[in-house]
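Top to bottom, those sequences are chains A and B. Numbering follows this note's numbering, with no gaps: position 46 of the first sequence is 46. Numbering follows this note's numbering, with no gaps: position 12 of the second sequence is 12. We put the beta carbon where it would ideally sit given N, CA and C, even for glycine. Nothing here was measured: the structure is a model prediction, and the numbers come from that model. Here's the structure, in structure tokens; my notes come after.
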Amino acid sequence: MHAIISISGLSKTYASGFAALKGVDLDIRRGEIFALLGPNGAGKTTLISIVCGLVRATAGRVTVDGHDIVRDYRAARALIGLVPQELTTDAFETVWNTVSFTRGLFGKPPDPAYLERLLKDLSLWNKKDAKLMMLSGGMKRRVLIAKALSHEPRILFLDEPTAGVDVELRRDMWQLVRRLRDQGVTVILTTHYIEEAEEMADRIGVIAKGELILVEDKAALMRKLGGKQLTLQLAAPLEAVPPALARYGLTLGKGGAELIYRYEAETEDNAIADLLQDLGAAGIAFADLHTTQRSLEEIFVSLVSERAGADGNGRGAGEGAR
Amino acid sequence: MNWHAVRSIYLFEMARTRRTLLQSVLAPVITTTLYFVVFGSAIGARIPEVEGVSYGAFIVPGLIMLNLLTQSVSNASFGIFFPKFSRTIYEILSAPVSHFEIVLSYVGAAATKAVILSVIILATAAFFVPLRIEHPLWMIGFLLLTAVSFSLLGFILGIWADNFEKLQLVPLLIITPLTFLGGSFYSIDMLPAAWRTVSLFNPVVYLVSGFRWSFYGSADVAVGVSLGMTLLFLGVFAGIATWMLRTGYRLKP
Ligand SMILES: Nc1ncnc2c1ncn2[C@@H]1O[C@H](COP(=O)(O)OP(=O)(O)OP(=O)(O)O)[C@@H](O)[C@H]1O
Ligand SMILES: [Mg+2]
């Protein structure tokens, strides 16, 4: 079987009447790192919560490794580890106890050697007897990860693992996720940061207003979304792009006063260095330069309006006109 | 059955008590002692024997029942309310545990604590008054059934309550008055006829009466009725708790 999680027609309307998910279909492949991107309130946490059994679906069906999450919840949930978005911990418990607790909860017999390795991997070993309330936020998040991994799950959900986390811990976390992937664990993470999805994911799904707008391989998506632009304010206007610079695909702007270079976010750093060197060699001087990138917000907006346009109904057009 | 999970939750709950051992044991013991000093010695000396036992001994079953009910309800309600309040309950809800296993571990732990406390109070009472237990098996039976039933009630309360006030209000406004008016400190035969009839609508009367019967062999209502009522509570509370978990009431949006 290809998909380890199979979601079909999943909808959630909260008691307030708010439709947080509107017929989501999604297959997660075994062993992949899947990043779910979306603005605040898009429905990411709702989706994860349904799969993990924290929220009841209004309609639709989810299977985890072939087990229906409602009818066969034991088998389905035993495979899953969840790191929630919020830092929720038992203040009075010690690290060791809380991690052992979770392992038991998921039906696994105690295995101190495994937990020791896990805590060491997460740089928590020297804190194992510390009470959770005495830990910093970043450490608490690590404890939540340790809890989620305590029962050796095959699937790990990370709901915004790097929100409010410093650079170092973020790197650690990325490494950890890769290590897990190497062990065959399927990882689903949500994030607001496109760089994070870029760094980590094999595939990316974009969700907005409860609808899955697209699911694509990262490489393909980054080409579409990750475009950057370098603008050079020239010292003297140009009539045309010199042939020596043809390979960069440059364009002129502001009647020749600006030279514009569009490139992928994936392009190696030295492409720009090369360009600047070639400019010098061609005798083109510039007064200033800046780079711009479409913000994630813009990307979402354009994706959503693209989709509304593709629907070809009056609603999309009406919104566009406003 | 996911026994590892039941064990984990049960031990977690018991550990929580151990952290607050002093206040959770000392408080009831001191209160009980005060009751004996005031009712047993000071006032009790002026009260003639009730149903053939000294007043001090007469109030022991009621006193234990009073503690058993309040402890069961407060232990169980806090046990489930706290993770709900701190949101750590996500773990329980996402774990491969059945509703029965959740109830078994939380209610089991709360009932265990309440029973242990009752035994401590019984031992304390034995210091002050001569005790006699005519039907020890019935006594244990009532003790366990009541502890489980009212731990279930506490569990229900803990899921229902969405703030600390509500959590404390129910025991304060309902359980304690019903227990005081339920014949803990008197036989309802002592009441005027009209109040006696009213008392029969108080469910605690049946619990206290049956429990006292297991000590001294005399009761306000037939012991079979007491047992029936206790089982009825057990059934009703178990039914409500099951319904709550099945529908995700106040647990799963
Ligand atoms: N229990 C609830 N009752 C009513 N509405 C809810 C509930 N939980 C979430 N919502 C709403 O559902 C929508 C989706 O919420 P969700 O938490 O899934 O978003 P999200 O994509 O995780 O957002 P964020 O990036 O901010 O975490 C939001 O508009 C939220 O207000
Ligand atoms: Mg969220």
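message = Would you say the beta carbon of Gly38 of chain A is closer than 7 angstroms to some non-hydrogen atom of ligand 1?
response = Mapped onto the first sequence, residue 38 of chain A falls at position 38. Checking the Cβ of Gly38 of chain A against ligand 1 gives yes.
message = On the CB-based measure, 16 or more other CB atoms within 10 Å of its CB, does Thr63 of chain A come out buried or exposed?
response = As a first step, residue 63 of chain A must be located in the first sequence, where it is residue number 63. It counts as buried.
request  = Taking only beta carbons into account, state which residues of the segment 159-170 of chain A come closer than 9 angstroms to chain B, listed in chain order.
outcome  = none
ask   = Tell me the DSSP bridge mates of Phe34 of chain A?
value = By 1-based counting over the first sequence, the position of residue 34 of chain A is 34. According to DSSP, Phe34 of chain A bridges with A:Ile188, A:Arg203.
request  = Return no unless some Cβ of chain A is closer than 8 angstroms to the Cβ of Ser77 of chain B.
outcome  = As a working note, residue 77 of chain B is residue 77 in the second sequence. False, the Cβ-Cβ gap to chain A never drops below 8 angstroms.
request  = Please indicate yes or no: does the CB of Ile165 of chain B lie closer than 7 angstroms to some heavy atom of ligand 2?
outcome  = Residue numbering aside, residue 165 of chain B sits at position 165 when the second sequence is read from its first letter. For the record, residue 165 of chain B in the displayed sequence is Glu; it is not Ile. Checking the Cβ of Glu165 of chain B against ligand 2 gives no.
ask   = Is the shortest distance between the beta-carbon of Ser24 of chain B and the beta-carbons of chain A less than 8 angstroms?
value = Walking along the second sequence from the start, residue 24 of chain B turns up at place 24. Answer no: the Cβ-Cβ gap between Ser24 of chain B and chain A never drops below 8 angstroms.
inquiry  = Buried or exposed for Ile159 of chain B, going by 16 or more other Cβ atoms inside 10 Å?
reply    = For the purposes of this step, residue 159 of chain B is taken as residue 159 along the second sequence, with counting starting at 1. Buried, since its Cβ has 16 or more Cβ neighbours within 10 Å.
request  = Take the Cβ of Gly4 of chain A as the centre, count every other Cβ of all protein chains shown within 10 Å, and call the residue buried at 16 or more, exposed below.
outcome  = As a working mapping, residue 4 of chain A is identified with position 4 in the first sequence. Looking at the sequence shown, residue 4 of chain A is not Gly but Ile. Counting Cβ neighbours within 10 Å, Ile4 of chain A comes out buried, since at least 16 surround it.
Under 7 angstroms from the C-beta of Asn2 of chain B: neighbouring residues of chain A = For this step, residue 2 of chain B is matched to residue 2 along the second sequence. Residues of chain A with a Cβ closer than 7 angstroms to the Cβ of Asn2 of chain B are, in chain order, Gly107.
key: Ala321 of chain A versus Ile213 of chain A: straight-line alpha-carbon distance, rounded   = As a position in the first sequence, residue 321 of chain A is number 321, starting the count at 1. As a position in the first sequence, residue 213 of chain A is number 213, starting the count at 1. Low local confidence applies: a pLDDT of 33 at Ala321 of chain A is under 50, so the model's placement there is unreliable, with the coordinate-based value given in what follows. The alpha-carbon atoms of Ala321 of chain A and Ile213 of chain A are separated by roughly 22 angstroms.
ask   = At least one CB of chain B closer than 8 angstroms to the CB of Ala15 of chain A: is that the case?
value = If you number the first sequence from 1, residue 15 of chain A lands on position 15. Yes - at least one Cβ of chain B is within 8 angstroms of the one on Ala15 of chain A.
task = Using a cut-off of 8 angstroms between C-beta atoms, extract the partners of Glu134 of chain B located in chain A.
result = Within the second sequence, residue 134 of chain B is the residue found at index 134, counting from 1. Within chain A, no C-beta atom comes less than 8 angstroms from the C-beta of Glu134 of chain B; the nearest is roughly 43 angstroms away.
message = Assuming contact is defined by CB atoms lying nearer than 8 angstroms, are Ser214 of chain B and Ile133 of chain B in contact in what I supplied?
response = On the second sequence, residue 214 of chain B is found 214 positions in, with the first residue counted as 1. On the second sequence, residue 133 of chain B is found 133 positions in, with the first residue counted as 1. When the beta-carbon positions are compared, Ser214 of chain B and Ile133 of chain B come within less than 8 angstroms of each other.
query = What number of angstroms, rounded off, separates the C-alpha of Glu198 of chain A from the C-alpha of Gly38 of chain A?
reply = Taking the first sequence and counting its residues from 1, one reaches residue 198 of chain A at position 198. Taking the first sequence and counting its residues from 1, one reaches residue 38 of chain A at position 38. For Glu198 of chain A and Gly38 of chain A, the distance between alpha carbons rounds to 14 angstroms.
message = Just to be sure I understand the criterion: a residue counts if its Cβ is closer than 7 angstroms to at least one heavy atom of ligand 2. Which residues meet that?
response = Taking each Cβ in turn, the ones that pass are A:Lys44, A:Thr45, A:Gln85, A:Asp159, A:Glu160, A:Thr190.
key: Ser8 of chain B versus Thr94 of chain A: straight-line alpha-carbon distance, rounded   = Walking along the second sequence from the start, residue 8 of chain B turns up at place 8. Walking along the first sequence from the start, residue 94 of chain A turns up at place 94. So the two alpha carbons sit approximately 15 angstroms from each other.
ask   = Is it buried or exposed for Thr292 of chain A, if we count other Cβ within 10 angstroms and need 16 for buried?
value = Indexing the first sequence from 1 puts residue 292 of chain A at position 292. Counting Cβ neighbours within 10 Å, Thr292 of chain A comes out exposed, since fewer than 16 surround it.
request  = Compare the C-beta of Ala78 of chain A against all C-beta atoms of chain B and say whether one is closer than 8 angstroms.
outcome  = On the first sequence, position 78 is the one that residue 78 of chain A refers to. For Ala78 of chain A, the answer is yes, since a Cβ of chain B falls inside 8 angstroms of its Cβ.
query = Is Asp121 of chain A near Trp96 of chain A, with beta carbons less than 8 angstroms apart?
reply = Your numbering for residue 121 of chain A matches position 121 in the first sequence. Your numbering for residue 96 of chain A matches position 96 in the first sequence. If you check the CB distance, Asp121 of chain A and Trp96 of chain A do not come in under 8 angstroms.
query = Looking at chain B, which residues of the segment 33-66 of chain A have a Cβ within less than 7 angstroms of any of its Cβ atoms?
reply = Cys52, Gly53, Leu54, Val55, Arg56
request  = Using only the heavy atoms of ligand 1, determine whether one of them is closer than 7 angstroms to the beta carbon of Ser94 of chain B.
outcome  = Here residue 94 of chain B corresponds to residue number 94 of the second sequence, with the count starting at 1. With a cut-off of 7 angstroms, the C-beta of Ser94 of chain B is classified as distant from ligand 1, since no heavy atom of the ligand falls inside that distance.
inquiry  = What does the alpha-carbon distance come out to for the pair Ile175 of chain B and Leu69 of chain B?
reply    = Translated into positions along the second sequence, residue 175 of chain B becomes position 175. Translated into positions along the second sequence, residue 69 of chain B becomes position 69. The alpha-carbon atoms of Ile175 of chain B and Leu69 of chain B are separated by roughly 7 angstroms.
8 angstroms Cβ shell around Gly318 of chain A - same chain, five flanking residues per side excluded = Counted from its first residue, the first sequence places residue 318 of chain A at position 318. In this predicted model, Gly318 of chain A has a pLDDT of only 33, less than 50, meaning its place in the structure is not dependable; the value taken from the coordinates is given anyway. Here the set comprises nothing.
inquiry  = At a cut-off of 7 angstroms, would you count Gly41 of chain A as near ligand 1, judging by its Cβ distance to the nearest heavy atom?
reply    = Taking the first residue of the first sequence as position 1, residue 41 of chain A is located at position 41. Yes, the Cβ of Gly41 of chain A comes within 7 angstroms of a heavy atom of ligand 1.
query = Glu13 of chain B: which of B:Ile156, B:Gly52, B:Phe78, B:Ser199 sits nearest, CA to CA?
reply = Locating residue 13 of chain B in the second sequence gives position 13, counting from the first residue. Ranking the options by Cα distance to Glu13 of chain B, first place goes to B:Phe78.
key: Rounded straight-line distance, which links the Cα of Ser218 of chain B to that of Glu51 of chain B   = Translated into the one-based positions of the second sequence, residue 51 of chain B becomes position 51. Translated into the one-based positions of the second sequence, residue 218 of chain B becomes position 218. If you take the alpha carbons of Glu51 of chain B and Ser218 of chain B, they lie about 7 angstroms apart.
key: Every unbroken beta strand (DSSP E) inside the segment 136-164 of chain A [3 residues or more]   = 155-159
Endpoints, the beta strand (DSSP E) within which Tyr261 of chain A is located = The residue labelled residue 261 of chain A in the question sits at position 261 within the first sequence. Run containing Tyr261 of chain A: 258-263, per the beta strand (DSSP E) assignment.
query = Got a sec: does ligand 1 put a non-hydrogen atom nearer than 7 angstroms to the Cβ of Ser16 of chain A?
reply = Counting from 1 along the first sequence, the entry for residue 16 of chain A is found at position 16. Distance from the C-beta of Ser16 of chain A to the nearest heavy atom of ligand 1 is below 7 angstroms.
message = In this structure, how does DSSP classify Lys131 of chain A when only helix, strand and coil are distinguished?
response = The sequence position of residue 131 of chain A within the first sequence is 131, counting from 1. In the structure shown, Lys131 of chain A sits in a strand (DSSP, three-state: E or B).
ask   = Is Gly81 of chain A closer than 8 angstroms to His192 of chain A when the C-beta atoms are compared?
value = Residue numbering aside, residue 192 of chain A sits at position 192 when the first sequence is read from its first letter. Residue numbering aside, residue 81 of chain A sits at position 81 when the first sequence is read from its first letter. Not closer than 8 angstroms, so no.
key: Alpha-carbon to alpha-carbon, Pro61 of chain B and Gly224 of chain B   = Position 224 of the second sequence, counting from 1, holds the residue named residue 224 of chain B. Position 61 of the second sequence, counting from 1, holds the residue named residue 61 of chain B. When rounded, the distance between both Cα atoms is 18 angstroms.
ask   = Which residues in the same chain as Gln233 of chain A place their Cβ atom closer than 8 angstroms to its Cβ, once the five residues preceding and following it in sequence are excluded?
value = The count along the first sequence starts at 1 and reaches residue 233 of chain A at position 233. Within the same chain, Gln233 of chain A has close Cβ partners Ala257, Glu258, Phe286, Ala287, Asp288, Leu289.
request  = Determine the closest residue to Leu153 of chain B out of B:Gln71, B:Thr32, B:Phe58, with distance taken between C-alpha atoms.
outcome  = Sequence index remark: in the second sequence, residue 153 of chain B carries index 153 (1-based). For Leu153 of chain B, the nearest C-alpha among the options comes from B:Gln71.
inquiry  = ligand 1 and Ala219 of chain B: does the residue's C-beta get closer than 7 angstroms to at least one heavy atom of that ligand?
reply    = Taking the second sequence and counting its residues from 1, one reaches residue 219 of chain B at position 219. For ligand 1, not one heavy atom lies less than 7 angstroms from the Cβ of Ala219 of chain B.
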